[in-house]
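Here is the structure we will look at.
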Amino acid sequence: MLQARDRLIVALDVPSATAARRIIADLGDVVSTFKVGKQLFTAEGPSLVRELVEAGQKVFLDLKFHDIPHTLAQAVTAAAGLGVSMLTVHASGGAKMLEAAAKAAAENRSHAQILAVTVLTSLSDDDLQTIGISGRVIDQVLRLAGLARASGCAGVVASPQEVPELRRELGEGFAIVTPGVRPEGAKKGDQVRVATPGEAIAAGATQVVVGRPITEAAKPRAAAEGILAEIAQAERRKPVATKVKSRLS
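Each residue of the sequence shown is one higher than the last, beginning at 175 in this note's numbering.
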């Protein structure tokens, strides 16, 4: 059973290691997992990831790998070798790519979780049409989630709006990590499909990713503590989890 502090992932979407270290120092022991994405990784490289891991922080490496199976497996091996806890690949890369990613992670001693990104939280039903994908976002998310699970991935990344249906379809024991999470009253930014932290957890999300509402807050630690309290409250309100038979089996 994850504790509230383990369910909150703080996104270090900042331009430098100095800015990232400032956030981590401010949050202290309130948060256990930090997301390193494309901006920070491109600016600072793997050395910062190693620094965070060596300091005892859990790292969610969100680089959304998408390539041919062999190349992607090599990338996953290199990323897992940094000691990260989780890393992302695009589910749309197909079964062979996802299987290669899961196999590469399993063979590394860090046993990093492979999370398959379904549909970006900035996309709507209309946006899918423009890139040639018919149907609704939820249909595509469920399709890719089923593929990810069948291919050996540990979980998926999806918006909080798809979580209830995903949990019904996938049952327990499969991670659902949700970006696009905004506390009540926070600006959505470029996110389209959003929910509050409490709503996401109550719907069945395993972990929520929150960036700007914490990192750009006047008091980041207080903002994080408020979200943790909301997560804990949502956990207390949830019924005892039961195994749900998945139609994707």
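Each residue gets a CB set at the ideal place from its N, CA and C atoms; glycine is no exception.
Query                                                                                                       : Result
VAL205 and VAL223 closer than 8 Å at C-beta                                                                 : no
Contacting residues, own chain, Cβ-Cβ under 7 Å from ARG421 (five flanking each side not counted)           : Because ARG421 carries a pLDDT of 35, less than 50, the predicted location of this residue cannot be relied on, and the following value inherits that uncertainty. For ARG421, where only same-chain residues beyond five positions count, the Cβ hits under 7 Å are GLU343.
Sub-8 Å separation of GLU404 and THR352 beta-carbons                                                        : no
PHE239 versus ALA274: straight-line alpha-carbon distance, rounded                                          : 12 Å
Continuous beta strand (DSSP E) assignments of at least 3 residues falling wholly in the segment 245 to 290 : 260 to 264
Proximity of VAL250 and SER284 at Cβ, strictly below 8 Å                                                    : no
Helix, strand or coil at ILE350 [DSSP, three-state]                                                         : strand
Distance CB(PRO334)-CB(ALA408) smaller than 8 Å                                                             : no
GLY320: first and last residue of the uninterrupted alpha helix (DSSP H) it sits in                         : 311 to 324
ALA349 beta carbon less than 8 Å from that of GLY329                                                        : yes
Among GLY230, ALA193, GLY219, nearest to LEU237 - alpha-carbon criterion                                    : GLY219
THR192 - containing alpha helix (DSSP H), residue span                                                      : 191 to 201
Residue environment, ASP187, which counts as buried when at least 16 other CB atoms sit within 10 Å         : buried
THR207 - DSSP class collapsed to helix/strand/coil                                                          : strand
VAL331 to LYS209 span [Cα, whole Å]                                                                         : 13 Å
Residues sharing a beta bridge with ALA369, DSSP                                                            : VAL355
Nearest neighbour of THR192, chosen from GLU336, VAL227, LEU214 [CA to CA]                                  : LEU214
Where VAL293 sits in the DSSP three-state scheme                                                            : coil
DSSP state of GLN177 mapped onto helix, strand, coil                                                        : coil
For LYS232, the residue or residues it bridges with in DSSP                                                 : THR207
Residues bridged to LEU182 (per DSSP)                                                                       : VAL382
Distance CB(THR207)-CB(ASP241) smaller than 8 Å                                                             : no
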